[in-house]
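Position one of the sequence shown corresponds to residue 177 (my numbering), numbered consecutively onward.
Here is the structure we will look at.
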Amino acid sequence: MSRTQGFTSWLKTHAKDQNAIGDLARDVAADPDWPSRRQLSGQREYLEERGAIPAAVETLELAWELYEARQEG
């Protein structure tokens with residue numbers, strides 16, 4: 177199996193998805209300041225500092241859950 181893919185790289189693979197995770201992936205891909213090397217807490221803080229709506233923060237948390245489940249499986 178290949179090296180573990182980072183969260184941001186994994187998220188960007190969902191940029192064509194027509195759902196909330198796809199929306200987040202497109203936003204992240206377009207944001208040059210996205211803190212890709214931070215963990216969930218740092219990324220959540222980044223969104224909150226920029227006035228993200230609660231649904232965006234919830235989507236980030238869901239995406240992390242899916243990412244972590246994929247890493248375990």
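We put the beta carbon where it would ideally sit given N, CA and C, even for glycine.
Own chain partners of residue i with C-beta closer than 7 Å, once the 5 adjacent residues on each side are dropped
i, result
"phenylalanine 183", "Trp240, Tyr243"
"threonine 235", "Ala196, Ile197, Leu200"
"methionine 177", "Any reading at methionine 177 is ruled out, since the residue's pLDDT is 36, under 50, leaving its predicted position unreliable."
Range covered by the alpha helix (DSSP H) that runs through residue i
i, result
"aspartate 199", "196-206"
"glutamine 215", "No alpha helix (DSSP H) holds glutamine 215; DSSP gives it neither H nor E."
Other residues of its chain near residue i: CB distance less than 6 Å, five sequence neighbours each side excluded
i, result
"serine 212", "Thr184"
Residue i - DSSP class collapsed to helix/strand/coil
i, result
"lysine 188", "helix"
"arginine 226", "coil"
"glutamine 247", "helix"
"leucine 236", "helix"
Length of the line joining the Cα atoms of residue i and residue j
i, j, result
"histidine 190", "arginine 202", "8 Å"
"tryptophan 210", "lysine 188", "12 Å"
8 Å CB neighbourhood of residue i in its chain, flanking five on each side removed
i, result
"glutamate 237", "Leu216, Arg220"
"tryptophan 186", "Tyr243, Arg246"
"glutamate 224", "Val233"
"aspartate 193", "Ala201"
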